[in-house]
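In terms of the UniProt record's numbering, the sequence shown has 180 at position 180, counting the first letter as 1, and numbering is strictly consecutive. Where is the CB? At the ideal position from N, CA and C, for every residue including glycine. For reference, the structure discussed in these notes is given below.
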Amino acid sequence: MSRDVSGQSNIDIMKREGDGSFKRAPSSFRNHIQKGGQFSPERDRYHLYVSYACPWATRTLITRKLKGLDEIIPVTVVSPRMGEKGWPFANVDQYPAADVDPLYGAEHVKDLYLRADPSYGGRFTVPVLWDKKKETIVNNESSEIIRIFNTEFNDLIPADEAKIDIYPKELREEIDRVNDWVYDTINNGVYKAGFASTAEAYEAAVYPLFEALDKVEKILEGKEFFVGNQLTEADIRLWVTIVRFDPVYVRHFKCNIRDIRNGYPNINRWMKDLYWKNPAFKDSTNFDHIKTHYFWSHPFINPQKIVPVGPLPHIQPL
Numbered sequence: 001m002s003r004d005v006s007g008q009s010n011i012d013i014m015k016r017e018g019d020g021s022f023k024r025a026p027s028s029f030r031n032h033i034q035k036g037g038q039f040s041p042e043r044d045r046y047h048l049y050v051s052y053a054c055p056w057a058t059r060t061l062i063t064r065k066l067k068g069l070d071e072i073i074p075v076t077v078v079s080p081r082m083g084e085k086g087w088p089f090a091n092v093d094q095y096p097a098a099d100v101d102p103l104y105g106a107e108h109v110k111d112l113y114l115r116a117d118p119s120y121g122g123r124f125t126v127p128v129l130w131d132k133k134k135e136t137i138v139n140n141e142s143s144e145i146i147r148i149f150n151t152e153f154n155d156l157i158p159a160d161e162a163k164i165d166i167y168p169k170e171l172r173e174e175i176d177r178v179n180d181w182v183y184d185t186i187n188n189g190v191y192k193a194g195f196a197s198t199a200e201a202y203e204a205a206v207y208p209l210f211e212a213l214d215k216v217e218k219i220l221e222g223k224e225f226f227v228g229n230q231l232t233e234a235d236i237r238l239w240v241t242i243v244r245f246d247p248v249y250v251r252h253f254k255c256n257i258r259d260i261r262n263g264y265p266n267i268n269r270w271m272k273d274l275y276w277k278n279p280a281f282k283d284s285t286n287f288d289h290i291k292t293h294y295f296w297s298h299p300f301i302n303p304q305k306i307v308p309v310g311p312l313p314h315i316q317p318l
């Protein structure tokens with residue numbers, strides 16, 4: 001008899017504390033790719049599984065594109081309609097821009113986790129960085145995958161892309177400091193507000209979220225980038241939440257004190273500049289997948305699964 005993993009797949013079963021607050025479980029696979037290590041950098045050895053809907057996975061798509069790793073690390077996109085068995089591939093849920101798993105014909109992302117570790121007890125999340133040689137998951141923590149992509153394949157890509165550094169030494173201390181509060185109050189803050197099961201837990205998340213957005217708005221006054229004078233991972237990590245804010249989080253997660261386009265002119269300008277001027281951001285964004293996933297896959301929030309049409313446009317022109 002196969003093991004029941006429904007508690008790991010069904011998003012309805014979220015970890016909450018007694019006060020109704022949402023707690024995100026840590027990622028489980030945390031290996032690194034490096035020369036001379038167990039996982040060495042090689043062309044077409046690794047495969048990236050993502051969802052366009054997932055902000056964490058979109059971090060890896062953007063970095064992969066920025067670093068010119070398209071031909072080094074192939075990518076497979078799941079359907080945005082995550083159900084009781086988790087993220088499905090196109091062979092069981094045909095959806096525009098979703099793919100069939102090219103390696104094993106897996107039906108759901110959970111099949112990859114159980115292939116890597118039949119006793120795995122965590123959640124079946126994306127992104128997944130897969131090693132085709134060892135047939136296992138290298139890493140499923142997006143913050144670590146983007147740093148792997150930033151440095152470990154530089155010998156395999158053209159010099160102009162190898163020199164791109166989204167985590168430069170001189171800015172690392174500031175990037176780490178910013179990432180810490182942005183993750184807690186904004187990246188994960190929208191989820192803490194949206195998945196709260198009590199009014200008290202919701203308010204404990206939504207007010208700090210908007211205080212943090214106010215802080216970001218001041219930081220971006222007259223600035224092109226979030227940290228320093230160059231594009232860094234701090235921009236990538238913040239941007240994936242901001243680009244979803246008006247289309248999803250304002251309504252679906254009740255983050256409605258202000259929206260970005262009307263309430264935060266500096267953040268809105270920064271977000272639009274990255275989207276319209278940098279193909280790595282625009283090409284990694286699929287608003288149909290984003291909206292469909294959130295409004296369809298969270299029946300405990302939106303039981304009718306109706307995907308709202310607006311706001312239109314999803315992102316404003318420059």
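Can you tell me whether DSSP reads LEU312 as helix, strand or coil? coil
On a CA-only basis, which of ARG269, THR60 and GLU203 is nearest ARG237? Give me that one, please. THR60
Hey, how far is the Cα of GLU170 from the Cα of GLY222? Whole-angstrom Cα-Cα distance: 22 Å.
Cα-Cα, which of THR58, ARG244, TYR52 and VAL309 is closest to ILE267? ARG244
Would GLU144 be called buried (16 or more neighbouring beta carbons within 10 Å of its own) or exposed? buried
Shortest alpha-carbon distance to GLU211 belongs to which of HIS108, VAL190 and GLN316? VAL190
Buried or exposed: where does PRO279 fall if 16 or more other Cβ atoms within 10 Å of its Cβ makes it buried? Answer is exposed; the Cβ neighbour count stays below 16.
So is the beta-carbon of GLU233 under 7 Å away from any non-hydrogen atom of the ligand NAP? The ligand NAP is not part of the structure shown, which contains no ligands of any sort.
Would DSSP call GLN304 helix, strand or coil? coil
Is GLU152 near PRO41, with beta carbons less than 8 Å apart? Result yes, Cβ atoms of GLU152 and PRO41 sit closer than 8 Å.
Using a Cβ-Cβ cut-off of 7 Å (strictly less than) and excluding sequence neighbours within five positions of GLU107, which residues of its own chain qualify? PRO88, PHE89, ASN91 and VAL92
Does DSSP classify PRO299 as helix, strand or coil? coil
Under a three-way DSSP split, which group does ASP32 fall into? Reading off the sequence shown, one finds His at residue 32, where the question assumed Asp. Coil.
If you run the structure through DSSP and keep just helix, strand and coil, what is GLU87? A small fix is needed here, since residue 87 is Trp in this sequence, not Glu. DSSP places TRP87 in coil when its eight states are reduced to three.
According to DSSP, residues forming a beta bridge with ASP160: The bridge partners DSSP lists for ASP160 come to none.
For the segment 75-85 and the segment 293-311, state whether three or more C-beta atom pairs, one from each stretch, are separated by less than 8 Å. yes
Skipping 5 residues on each side, what residues in its chain have a beta carbon closer than 6 Å to that of PHE225? LEU231 and ASP235
Rounded to a whole number of angstroms, what is the C-alpha to C-alpha distance between PHE124 and ASP155? 32 Å
Who are ASP131's beta bridge partners in DSSP? TYR46 and THR136
Mark residue 382 as exposed unless 16 or more other C-beta atoms lie within 10 angstroms of its C-beta, in which case mark it buried. With the chain covering 1 to 318 only, the question about residue 382 has no answer from this structure.
Check each candidate in VAL50, ASN139 and GLN38 and name the one with the smallest Cα separation from ILE290. Ranking VAL50, ASN139 and GLN38 by Cα distance to ILE290 puts VAL50 first.
Range of the contiguous beta strand (DSSP E) that encloses VAL75: Its beta strand (DSSP E) spans residues 75-77.
Expressed to the nearest angstrom, what Euclidean distance is found between the alpha-carbon atoms of ALA201 and ASN188? The alpha-carbon of ALA201 is positioned some 14 Å away from that of ASN188.
Identify the residues that DSSP records as bridge partners of HIS108: which are they? Checking the DSSP bridge columns, you'll see HIS108 partnered with PRO88.
Should SER284 be labelled buried (16 or more other beta-carbon atoms within 10 Å of its own) or exposed? buried
ILE315 vs TYR264 beta-carbon contact at 8 Å: no
Alpha carbon to alpha carbon, how far is GLU141 from VAL250? Give it in angstroms, no decimals. 26 Å
Taking a contact to mean a Cβ-Cβ separation below 8 Å, would you say VAL206 touches LYS254 in this structure? yes
Alpha-carbon to alpha-carbon, ALA199 and LYS67: Rounded to the nearest angstrom, the two C-alpha atoms are 43 Å apart.
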